[in-house]
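Novice: This is the structure I want to talk about, given as structure tokens.
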Amino acid sequence: MPLPLDLKGATLDFILLGQQLANGIANGMGYVLIAVGLTLVFGVLRIVNFAHGAFYMLGGYFTYFAVQSFGVHYLLAVAIAAFLAGMCGLIANQFFFRPLRKEHEFIILLSSLGLSILLTNGSELLFGADPKYIESGFADATLDIGPVTVTQQRLLIFVLATMALAFVYWFIRRTRYGKMMQATAQHPEGAALTGINTNFVHAYTFVLACALAGLSGALVGPTAMMFPTVGDWAVLKGFTVVVIGGLGSISGACIGGLLLGIAEALGGGYISQGFAEAIGYVLIVVVLIWRPQGMFGISRGHKS
Amino acid sequence: MNKRTTMTALIGVVLAILPLLVGSKYYQHMLVIWGLYAVYALSLNVVIGYLGELNFGHAAFFGIGAYTSAILTTRYGVPVVSGPLFAALVTGLIGAVVGYLSLRSTGPQFAILTLSFGSILFTIVNYWVDFTRGPMGITNIPPFSLPFLKIDFTQARNMYYVVLVAVAITAYGCFALMRGHSGRAFIAVRENPQLAASLGINIFQTKLLGFIGAAALAGAAGSLYAHYLSVITPDMMGLQGVAAVIIMVIIGGKGTIVGPMIGALVYVCLLEVLRATGPLRMVSFGALMTLCVIFLPGGLISIWRRHMNETRLAEAGNTTVEHP
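From first to last, the protein sequence lines stand for chains A and B.
Residues in the first sequence are numbered consecutively from 30, following this note's numbering.
Residues in the second sequence are numbered consecutively from 417, following this note's numbering.
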């Protein structure tokens, strides 16, 4: 008799592992969306945007209000939220980053820090400090994939995030605008000399990055709560991923994000929830001792 | 130089008699907070202003200093007067580890790395409930005291003088540092690392030295802060805390000694003045800070500098050629 029981235990362990992995990948995709935006803005504009998490928060709130106040279907609300977050990004770029293009990187970092304080506290004023729960209709429904059970929301995060990333890949690699972005990232002056309007490139890069952050907020929102300071959490996760993957590398952001999501899920499942909070930092230290520039980072070029 | 010495002495005298001039306890309390923040901002200024690297993890050192001192004095019976020393020792050691790992990168990467290390330290303090009591914080921290002297340091006026001595020592320390060999090495590394290296300056060691010193100083300031307020929570190490101290240094003027002190004053006063705006407080604060950064990148001290340069130019114009 003991033998079959043990075998059953082993399969249970295996199912649990699969469960943790599935959750980890879904959370990781949320991180990837945040981190890709951060790394795009750094790569093209050379800006470390501290306010990036605020756009995640805005995406969550836009979805909440679209669903709750206007009764829009959740999926449409997600699209609206991503669009509006992108538009907020456009405004932010115009007022907080474009005037400072020629200044020292400190100043730009601080301007983004100011923007972050402004957006976080402004949202607290407008939306209230109490956590909001986004009703998506997918969060409670589950789906069985073999023995592993995932909520439909997590599946939705995975599918939509993958589509968004595929779009970003296509946009950067295949379109004229994407090639202009690459040129600007490689050499801003050279790009300008060939007739590329770098200000325009900066603007739509910022819109794309903020829309991705907004999309992440809209998708991840229903699995957690939305509150004004959630942006601080989001930007820290984004930075963790970007440091692991390497600043300026999109594939680094993708792999780093999934790695962080999975590591957190496994750490939380097998060790303790408190440890899950810290595991990203453990990853950072390990990766940095091994490769100071991050897994896929290239060493820093000329200092502007 | 003579003019400068008189100015310094004058400011020193004014600062020394200030709490006697302002009778109200409320203003005296604000003065103490200003002094503590001034030391804290000056310590960050070593990294931001002199080494030229943006450190986003500095609040963690302030917090660790406060926690070290609080835990040692409340649980292990360590005399309060040695609290700042122990705090400086512990934060200096942690600063050495953090600096060793993060100073290998520069610029934005360094900023993000220090932010991550700051978050690690915050997470440890926030989650290690058995040792730090986590988000509940530590209460009933004994007030600062000196051996053999019976002075009540819960009084803001008395504490102010302790803090003022700390500010004076720190300011003089920064002044002496910048006059000496190490300070010049800092500037050389900031302005042109390749050239500095070619002159035989060990860049990594120089930066690490500055980083450790700044961490230790922040720890000592944190210790005094804990003994003055008697309650500390991990919040002081969070992102808001980081933003606060960076704002002080930048608004005042990085790379100067008076700048961060002015920045600390502006920060303390502004938050009090904006208290009247209620929920708009942090919003208007963020807006003011951003405006200051956009229109006055050199900080408040740059207004004074510009003014001095203009008068100097005008004087030079009057005494020499009218229109060259």
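Ideal placement from N, C-alpha and C gives every residue a C-beta, glycine not left out.
If we define contact as Cβ-Cβ less than 9 Å, is D159 of chain A a contact residue for chain B?
Specialist: Not an interface residue.
Novice: Give the interface partners of V709 of chain B over in chain A, defined as CB-CB distance under 7 Å, in chain order.
Specialist: Going along chain A in sequence order, the residues near V709 of chain B (Cβ under 7 Å) are I136, L139, S140, G143.
Novice: Considering Cα atoms alone, identify which of A:Y60, A:L69, A:D169 is closest to T383 of chain A.
Specialist: Chain A is shown only over 30 to 333; residue 383 of chain A falls outside these bounds and no answer can be derived.
Novice: Does the pairing of the region 617-629 of chain B with the region 509-524 of chain B give three or more beta-carbon distances under 8 Å?
Specialist: Flag = yes, the region 617-629 of chain B and the region 509-524 of chain B touch.
Novice: Residues of chain A with CB under 7 Å from S532 of chain B, in chain order?
Specialist: Here the neighbours are F268, T269, V272, Y310, I313.
Novice: Could you pull out every unbroken alpha helix (DSSP H) segment of at least 4 residues lying fully inside the region 599-661 of chain B, listed in chain order?
Specialist: If we require 4 residues or more, the alpha helix (DSSP H) runs fully inside the region 599-661 of chain B come out as 609-614, 619-645.
Novice: On a Cα-Cα basis, can you pick out the residue from B:F538, B:I554, B:M664, B:M446 that is closest to C708 of chain B?
Specialist: Checked all of B:F538, B:I554, B:M664, B:M446; the closest Cα to C708 of chain B is B:M664.
Novice: Chain B partners of E306 of chain A, CB-CB under 8 Å?
Specialist: Per Cβ cutoff of 8 Å: T539, Y543.
Novice: Which one of A:A55, A:Q48, A:L46 has the shortest CA to CA distance from L289 of chain A?
Specialist: L289 of chain A has its Cα closest to that of A:A55, out of A:A55, A:Q48, A:L46.
Novice: For a test of your reading of the model: does the CB of L434 of chain B fall under 8 Å from any non-hydrogen atom of the ligand COA? Yes or no.
Specialist: No copy of the ligand COA occurs in the structure displayed, which carries no ligand at all.
Novice: Name the chain B residues whose beta carbon is nearer than 7 Å to that of N150 of chain A?
Specialist: Simply M698, V699, G702.
Novice: Thinking C-beta only, is P563 of chain B closer than 9 Å to P495 of chain B?
Specialist: The answer is yes: Cβ separation under 9 Å.
Novice: Could you give the residue range of the alpha helix (DSSP H) that holds L537 of chain B?
Specialist: Counting along the chain, the alpha helix (DSSP H) containing L537 of chain B begins and ends at 523-543.
Novice: Alpha carbon to alpha carbon, how far is L265 of chain A from R420 of chain B?
Specialist: The straight-line gap from Cα to Cα measures roughly 44 Å.
Novice: On the criterion of 16 or more Cβ atoms from any shown chain inside 10 Å, does M192 of chain A qualify as buried, or is it exposed?
Specialist: Classification of M192 of chain A: exposed, given that the 10 Å Cβ count is below 16.
Novice: In the region 709-725 of chain B, which residues sit with their C-beta less than 9 Å from some C-beta in chain A, listed in chain order?
Specialist: The region 709-725 of chain B vs chain A, Cβ under 9 Å: V709, I710, P713.
Novice: Quick one: what's got a C-beta closer than 7 Å to F84 of chain A's C-beta in the same chain, skipping five residues either side?
Specialist: Closer than 7 Å at the Cβ level, and outside the excluded window around F84 of chain A, lie A114, C117, G118, C239, A242, G243.
Novice: Which stretch, first to last residue, makes up the beta strand (DSSP E) that contains D261 of chain A?
Specialist: Element bounds for D261 of chain A: not the beta strand (DSSP E) but the alpha helix (DSSP H), 259-274.
Novice: Is the shortest distance between the beta-carbon of K623 of chain B and the beta-carbons of chain A less than 9 Å?
Specialist: K623 of chain B does not count as touching chain A.
Novice: Please work out which residues of its chain come closer than 6 Å, Cβ to Cβ, to R329 of chain A, disregarding the five sequence neighbours upstream and downstream, and give them in chain order.
Specialist: Any reading at R329 of chain A must be qualified, since the residue scores a pLDDT of 48, below 50, and its modelled position is unreliable; the value itself is stated next. Once the five neighbours on either side are set aside, R329 of chain A has no close Cβ partner at all.
Novice: For R183 of chain A, count neighbouring C-beta atoms within 10 Å of its own C-beta (all shown protein chains included) and say buried if the count is 16 or more, exposed if not.
Specialist: Flag for R183 of chain A reads buried.
Novice: Hey, is R75 of chain A's beta-carbon within less than 9 Å of any beta-carbon in chain B?
Specialist: So, interface residue.
Novice: Mind pulling the chain B residues with CB within less than 9 Å of F125 of chain A?
Specialist: The answer, in chain order, is T706, I710.
Novice: Given that P128 of chain A touches chain B, what residues does it touch there, using C-beta distances under 9 Å?
Specialist: Those within 9 Å of P128 of chain A in chain B are I710.
Novice: What residues in its chain sit with their C-beta under 7 Å from that of Y162 of chain A, if we drop five residues either side in the sequence?
Specialist: Counting only Cβ-Cβ distances below 7 Å, and skipping sequence neighbours, we find M254.
Novice: For S278 of chain A, count neighbouring Cβ atoms within 10 angstroms of its own Cβ and tell me buried if that reaches 16, exposed if not.
Specialist: Label assigned to S278 of chain A: buried.
Novice: Less than 9 Å separating the beta-carbons of A634 of chain B and F477 of chain B?
Specialist: Yes, Cβ-Cβ distance for A634 of chain B and F477 of chain B is below 9 Å.
Novice: Closest to G296 of chain A by CA distance: which of A:V311, A:G224, A:T40, A:G66 is it?
Specialist: Checking every option, the nearest Cα to that of G296 of chain A belongs to A:V311.
Novice: DSSP puts K161 of chain A in a beta bridge; with which residues?
Specialist: Beta-bridge pairing links K161 of chain A to A:M255.
Novice: Name, in chain order, the residues that DSSP records as bridge partners for V179 of chain A.
Specialist: V179 of chain A pairs with A:L172.
Novice: According to DSSP, what are the bridge partners of I313 of chain A?
Specialist: Its beta-bridge partners do not exist; DSSP assigns none.
Novice: Compare the C-beta of S646 of chain B with all C-beta atoms of chain A and state if any pair is closer than 9 Å.
Specialist: Output row for S646 of chain B: interface = no.
Novice: Pairs of beta-carbons, one from the region 432-449 of chain B and one from the region 571-578 of chain B, closer than 8 Å: are there three or more?
Specialist: Short answer: they touch.
Novice: Hey, how far is the Cα of N226 of chain A from the Cα of F268 of chain A?
Specialist: Near 29 Å, if we compare the C-alpha coordinates of F268 of chain A and N226 of chain A.
Novice: Take T223 of chain A and list the residues in its own chain whose beta-carbon comes closer than 8 Å to its own, dropping the five residues that flank it on each side.
Specialist: Correct list, in chain order: A212.
Novice: Could you list the residues in the region 83-111 of chain A with a C-beta less than 8 Å from some C-beta on chain B, going in chain order?
Specialist: Under the 8 Å Cβ criterion, the region 83-111 of chain A contributes no residue.
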